[in-house]
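Notes follow once the structure below has been shown.
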Ligand code: NAD
Ligand code: TDX
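Numbering (my numbering), first residue to last: 400 to 756.
The following block contains the structure:
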C-alpha cells in the first residue's frame, strides 16, 4: 500500500506546483508532510506559497518545508532526500516555456532530462525494492506531436515531439518508463493538455494577454491564430494527479485534458470580451490590440487529448467549466497586479528585454 506520508514536490514554486501544494493542504487536507524542492528560476515565485508557509511551515504546523535546490545538482538533491523520510515524489520541476526552448534549449535539456534522471537515481538508490513508495512524473500532451483537424492523443499514441521543450519532456518520459521496466521502480505518469488559472507566469498565452490588455499593449497572435489548444483549469489537473497518485496503476500513463478545444484567435477574442466587461469597457474595446506576428518556429497545429482512461479507471472528471475557470482567472489577475509587477521588475523583464526588444 502506498504511504503518501512524506511527499516531495519538485517545482512547487511554479504555476502548477504551487497550485498543487495549495490543493494538498487546502482541498484534500493531507495529514503528512510536503517538501518543496525548487531552484527558483525566473518562473519560481515564493510569493505563491506564502500563505502555505505561514500556516504549515516550520513556524506553524511544521508540515511544509522549502528546499532551494537545483535538481541538476545530484549531491544537493541526495542531501534533501536524506534529511526527510520521503516516500512519494511528484515531479513538476521543468523548464516549461516553448518559446524559451527555441531561443535557448540547453537549460531544457539539463533540467528536464538530467534533472529527471538525477531524481530517479536518488530514489532508486534510496528506495531499493520498496513497493510502498511512488514516483509520479508530470508530462505534457506536446510529446505526442501535432494533430490535423481530426483525431486525438491517446496514452499509446507514438511520441513525436517537435520542439526542444517537448523533445526534452519526451526524453524524460522514456527514462522514467525505463526505470519501471528495468528496475521495477513504482512510477506513474500523467500527460496533460494546456493548463490555465491563477499564478501562471505571464509568458503563457492567457496571462500574457490579460496583462497586455491591462497595459493596453499589443496582443501578439502567432501565425494565422488558428492553432488549437485543449484547455484545462489547473485545479482539475491537480485533482487528476491526486487520483493517479492514490489509485493509479503502477507503470501506467494517464492522459488529462479539458476536452475543450479552442483556436488561439477565438480564445483571445473571448478573453478580450471578458476583460472588457469586467473593466466596464465596450465589448470590442481590447480587440483592436490584436496583432498578428511572425509564427513560432515549429508551431504545433493542434493538440487534443482523449482522457477516457482516467475517467473510466479512476473516476476523474473536469469540474470547472471554461467559463467558470476564465472568470476566476481573469478576476485573479485583475486583483493581483502587484504579483505581476514584482515579476516584471526581476529576471523576467531582463529576458524579455534581451529577446524581444
Ligand atoms: P513553471 O515554469 O511555472 O514552473 C516550473 C518550476 O520548476 C519553477 O518553480 C522553477 O523554479 C522550477 N525549476 C525549474 N528548473 C528547476 C531545476 N533545475 N531544479 C529545481 N526546480 C526547477 O511550469 P508549470 O507550468 O507549472 O509546469 C509544471 C510541470 O507541468 C512541467 O513539468 C511542465 O512540463 C508540465 N506541464 C505544464 C503544462 C502547462 O500548461 N503549464 C501542461 C502540461 C504539463
Ligand atoms: O504570445 C503568444 N501568442 C500566441 O499566439 C503566446 C505566448 C502563445 N501563442 C500561441 C502559441 C500556442 O499555439 O498560443 C498557444 C499557447 O501557447 P503557450 O501558452 O506558450 O503554450 P503551449 O506552447 O501550447 O505549451 C503549453 O502547454 C503544454 C505549456 O507552456 C507547456 O508547458 C505545456 O507542456
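The C-beta atom is built at its ideal place from N, Cα and C for all residues, glycine as well. Small disclaimer: the values here were computed from a predicted structure and weren't measured.
Residue i versus residue j - alpha carbon distance
i, j, result
"residue 542", "residue 568", "7 Å"
"residue 525", "residue 595", "35 Å"
"residue 580", "residue 628", "32 Å"
"residue 465", "residue 621", "37 Å"
"residue 535", "residue 489", "5 Å"
"residue 426", "residue 416", "14 Å"
"residue 731", "residue 540", "26 Å"
"residue 483", "residue 649", "24 Å"
"residue 575", "residue 564", "17 Å"
"residue 514", "residue 673", "39 Å"
"residue 743", "residue 504", "23 Å"
"residue 711", "residue 570", "28 Å"
"residue 702", "residue 506", "25 Å"
Same chain, Cβ closer than 7 Å to residue i, five either side skipped, listed in chain order
i, result
"residue 624", "662, 663, 664 and 691"
"residue 421", "451"
DSSP-derived helix/strand/coil call for residue i
i, result
"residue 661", "strand"
"residue 486", "coil"
"residue 630", "strand"
"residue 621", "strand"
"residue 401", "coil"
"residue 756", "Legend: pLDDT at residue 756 = 47, less than 50; position of this residue unreliable, no value from coordinates given."
"residue 452", "helix"
"residue 554", "coil"
"residue 594", "strand"
"residue 603", "coil"
Any non-hydrogen atom of the ligand TDX within 8 Å of residue i CB
i, result
"residue 497", "yes"
"residue 624", "yes"
"residue 699", "yes"
"residue 604", "yes"
Residue i Cβ short of 8 Å to the ligand NAD heavy atom set
i, result
"residue 539", "yes"
"residue 494", "yes"
"residue 490", "yes"
"residue 509", "yes"
"residue 654", "no"
Spatial neighbours of residue i in its chain, beta-carbon cut-off 6 Å, leaving aside the 5 residues before and after
i, result
"residue 700", "545 and 626"
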